[in-house]
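Notes follow once the structure below has been shown.
There are 2 protein chains.
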Amino acid sequence: MVPSIDVVGVGNAIVDVISTVPAEFIEHHGLAKGAMTLIDADRATSLYELMPPGIESSGGSAANTAVGIASLGGRAEFLGKVRDDQLGAVFVHDLRAAGVAFDVDPSSDGPPTARCLIQVTPDAERTMNTFLGIAAFLTPNDIDEAVVASAAVTYCEGYLWDAEIAKAAIHRAMDIAHDSDRRVSLTLSDSFCVDRHRHEWLDLLADKVDLVFANEAEICALFETDDFDSAREQIRDVVEVSALTRSARGSVVVSGNDTWVIPASPVDNVVDATGAGDLYASGFLHGFAHGADPERCAGLGGLAAAEIISHIGARPRVSLADLTR
Amino acid sequence: MVPSIDVVGVGNAIVDVISTVPAEFIEHHGLAKGAMTLIDADRATSLYELMPPGIESSGGSAANTAVGIASLGGRAEFLGKVRDDQLGAVFVHDLRAAGVAFDVDPSSDGPPTARCLIQVTPDAERTMNTFLGIAAFLTPNDIDEAVVASAAVTYCEGYLWDAEIAKAAIHRAMDIAHDSDRRVSLTLSDSFCVDRHRHEWLDLLADKVDLVFANEAEICALFETDDFDSAREQIRDVVEVSALTRSARGSVVVSGNDTWVIPASPVDNVVDATGAGDLYASGFLHGFAHGADPERCAGLGGLAAAEIISHIGARPRVSLADLTR
Chain A
1 MVPSIDVVGV
11 GNAIVDVIST
21 VPAEFIEHHG
31 LAKGAMTLID
41 ADRATSLYEL
51 MPPGIESSGG
61 SAANTAVGIA
71 SLGGRAEFLG
81 KVRDDQLGAV
91 FVHDLRAAGV
101 AFDVDPSSDG
111 PPTARCLIQV
121 TPDAERTMNT
131 FLGIAAFLTP
141 NDIDEAVVAS
151 AAVTYCEGYL
161 WDAEIAKAAI
171 HRAMDIAHDS
181 DRRVSLTLSD
191 SFCVDRHRHE
201 WLDLLADKVD
211 LVFANEAEIC
221 ALFETDDFDS
231 AREQIRDVVE
241 VSALTRSARG
251 SVVVSGNDTW
261 VIPASPVDNV
271 VDATGAGDLY
281 ASGFLHGFAH
291 GADPERCAGL
301 GGLAAAEIIS
311 HIGARPRVSL
321 ADLTR
Chain B
1001 MVPSIDVVGV
1011 GNAIVDVIST
1021 VPAEFIEHHG
1031 LAKGAMTLID
1041 ADRATSLYEL
1051 MPPGIESSGG
1061 SAANTAVGIA
1071 SLGGRAEFLG
1081 KVRDDQLGAV
1091 FVHDLRAAGV
1101 AFDVDPSSDG
1111 PPTARCLIQV
1121 TPDAERTMNT
1131 FLGIAAFLTP
1141 NDIDEAVVAS
1151 AAVTYCEGYL
1161 WDAEIAKAAI
1171 HRAMDIAHDS
1181 DRRVSLTLSD
1191 SFCVDRHRHE
1201 WLDLLADKVD
1211 LVFANEAEIC
1221 ALFETDDFDS
1231 AREQIRDVVE
1241 VSALTRSARG
1251 SVVVSGNDTW
1261 VIPASPVDNV
1271 VDATGAGDLY
1281 ASGFLHGFAH
1291 GADPERCAGL
1301 GGLAAAEIIS
1311 HIGARPRVSL
1321 ADLTR
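These protein sequences, in sequence, are chains A and B.
Per the numbering used here, the very first residue in the first sequence carries number 1; after that it's consecutive.
Per the numbering used here, the very first residue in the second sequence carries number 1001; after that it's consecutive.
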């Protein structure tokens, strides 16, 4: 059956709270610069108190990717968990208003909707501190079989792996996709996340993943090496297609014996790196779902990433479809 | 006694939900362009569903003004009502993080924290639709006598007048201020708001207000005239100092027989008019609280307004104190 959805994203439903801070803020408060750190409710409260005034904007890695796909003109759906609170309503509104389908029922009990406290430093780097809240309670029952079966690609974020019950949800999504002859994609999300789950992920990648996304730090962490070329060659034998991003150096795609090196799209003024990887995945997946070659996929990824880093926030401000014309 | 606070602002505690929309959006959905319209909970829900993805940013007219005063290096406090919900927590955080004192207890029952659905059109004009929620329940008991008595100026927003019980709160604040030999200021807020309260306000201005802020539409509405010069002459006899803003034409200040005409500060690119009047009031009040002459006050107002209209949102992105140096 022809897929009625291009990509279904499975991930944490998160509202970002974004403040610009001086470089010293990161060091002074012991934050892990450029990484995503999980925090509990108490730390979320105390860290928020330290932050300057912020803006709230819907986020979540796979959700950002789904929005990017819709902005490119693709058909996207998202599976993730919010509560029936104000931030949950904001998350759902922003997703649907961006043209992404979303039908998971908001939870009427449990912890609040997830939030990510993001500090953007003058070097445009973002440091993320995530209180997962209800997002960690995505269960296999929340994975709509009909949705996954009708999507050309099921795309899961590695961040989800930090919640035990969400792991089972990912496994179920991947199994449904393959049973329906669809493709499965995973992003490694964060190098610290890779450190936490290396062995499980090597098995998962070999058994169930057709397309993997990783940046340089993540792919090196996966193979415990400092040498990108070595990591690139090792992932080649594990996954059918690997899209490896290298910030300003663009991306490298490997598949079988083939290798493509794609330069980054030019950006006048890099303001906020938040969402760069998510939007690269949007472009790549949009091409991939429509059978484009890896070079075209990576080019679309680079274009979408360039738009997102030119402003604050992880959702596109202009139509990416217009941008690619 | 020397005042320990420069300005205490009394107003609606509101979180803004800001989306950029095409010009047609305003007409198509029957919105009152450039004005502030009060909406109920149902309309807030249905209008929000129509809006594109947005960002959330703390707002509220007098609260924005208080933040501007803190950014100028002044001592500001805010009196207004939030609920103990997520948007309430965002509002309080952003205010305190900006250096504004705030000590009104969040309400543990009643409607949710106020939100203002703002549509920004390509001409940089903002159209505001406010669901007042708990903000309408600011009572005379929420007016801390010691705070008002220790502030050089008590500044009230006209918007508050739309809630019957908040009127009593304003009267109490103004009376405490005068009983403590402090100054009282009012902004007319919105021309439709003026239409709703014209006669009460003419009495209030004559009896209790030392410094009034109004834009051209508001001061003309007050005196039911199309002629700005006529309105300017009429207000001269009612209030000791009147600061009248005219967008790109700058502002006019009248006091007794004196008139000052102050050009607008230059702005490269006007992005979003939200908060222009609020920040003009910040600059003016900061000068006024420190005994500056009207020309200096209006100049500071113009500078602060120029910063706020150069970006999305109604809170300054840079230190206004640095800007004035």
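Here a beta-carbon is modelled for each residue, glycine too, at the ideal position from N, C-alpha and C.
Given the structure is predicted, the values throughout are model-derived calculations rather than measurements.
Taking CB atoms only, L72 (chain A) has no neighbour in chain B less than 7 angstroms away. In the three-state scheme derived from DSSP, where H, G and I count as helix and E and B as strand, I1005 (chain B) is classed as strand. Note on geometry: alpha-carbon atoms of R1249 (chain B) and A1166 (chain B) lie some 33 angstroms from one another. Close CB contacts of V1021 (chain B) within its chain, under the 8 angstroms cut and outside five residues either way in sequence, are with M1051, P1052, Q1119, V1120, T1121 (chain order). Per DSSP, the continuous alpha helix (DSSP H) segment holding N1064 (chain B) begins and ends at 1061-1071. Following the DSSP letters along the chain, one finds T37 (chain A) inside the beta strand (DSSP E) bounded by residues 36-38.
Scanning its chain for C-beta atoms nearer than 6 angstroms, with the 5 sequence neighbours on each side dropped, one finds around V270 (chain A) the residues A124, I309, in chain order. Take the alpha-carbon of E1027 (chain B) and the one of M1128 (chain B): they are about 14 angstroms apart. In the three-state reduction of the DSSP assignment, N141 (chain A) falls in the helix class, which pools H, G and I.
Sequence-distant Cβ neighbours of L303 (chain A) in its own chain, meaning closer than 8 angstroms and more than five residues away, are S265, G283, L320, L323, T324. The beta-carbon separation of L1188 (chain B) and E1145 (chain B), rounded to 26 angstroms, does not stay under the 8 angstroms limit for a contact.
Shortest Cα-Cα distance from S57 (chain A) to any of B:D1040, B:L1087, B:H1029, B:I1069 involves B:L1087. The alpha carbon of D1195 (chain B) has as its nearest neighbour, out of B:E1224, B:V1209, B:D1175, B:I1176, the alpha carbon of B:E1224. Closer than 9 angstroms at the C-beta level to chain B, one finds these residues of the stretch 96-125 of chain A: R96, A97, A98, P112, T113, R115. Our two residues, R183 (chain A) and S251 (chain A), have alpha carbons roughly 21 angstroms apart in a direct line. At a beta-carbon threshold of 8 angstroms, the residues of chain A lying near D1094 (chain B) are P53, G54, ordered along the chain.
Interface criterion met: the Cβ of D85 (chain A) is under 7 angstroms from a Cβ in chain B. DSSP places E1233 (chain B) within a helical segment (H, G or I) once states are collapsed to three. Within the stretch 1106-1184 of chain B, the alpha helix (DSSP H) runs of at least 4 residues that lie entirely inside it are, in chain order, 1145-1149, 1164-1179. Per the coordinates, the alpha-carbon of A63 (chain A) lies some 10 angstroms from the alpha-carbon of Y155 (chain A). C-alpha of K1081 (chain B) to C-alpha of N12 (chain A): approximately 32 angstroms in a straight line. When C-alpha distances from A1035 (chain B) are compared across B:D1258, B:T1130, B:V1002, the shortest belongs to B:T1130.
V7 (chain A) places its beta carbon less than 7 angstroms from that of L285 (chain A). For the 7 angstroms CB-CB criterion, W1161 (chain B) and H1197 (chain B) form a contact. With contacts defined as CB atoms closer than 7 angstroms, G1059 (chain B) and A1314 (chain B) qualify as a contacting pair.
Counting the other Cβ atoms within 10 Å of the Cβ of M1001 (chain B) gives fewer than 16, which makes it exposed. Chain-ordered, the chain A residues with CB closer than 7 angstroms to the CB of Y1048 (chain B) read H93.
Residues of chain A whose Cβ lies closer than 7 angstroms to the Cβ of S1319 (chain B) do not exist, since the nearest Cβ in that chain is about 11 angstroms away. Against S57 (chain A), the close residues of chain B are P1053, G1054, I1055, E1056, in the order they occur along the chain (beta-carbon pairs closer than 9 angstroms). Around the C-beta of P316 (chain A), 16 or more other C-beta atoms lie within 10 Å, and the residue is accordingly described as buried. The Cβ atoms of A1114 (chain B) and G1133 (chain B) lie closer than 7 angstroms to each other.
By the beta-carbon neighbour count (other beta carbons within 10 angstroms, threshold 16), H1093 (chain B) is buried.
Pairing A214 (chain A) with I5 (chain A) gives a Cβ-Cβ distance that is not under 7 angstroms. Note: I1309 (chain B) is not bridge-paired with any residue in the DSSP secondary-structure output. Residues of chain B with a Cβ closer than 7 angstroms to the Cβ of R315 (chain A) are, in chain order, P1053. Non-local beta-carbon contacts of P1263 (chain B) in its own chain, meaning distances under 7 angstroms to residues more than five positions away in sequence, involve G1250 in chain order.
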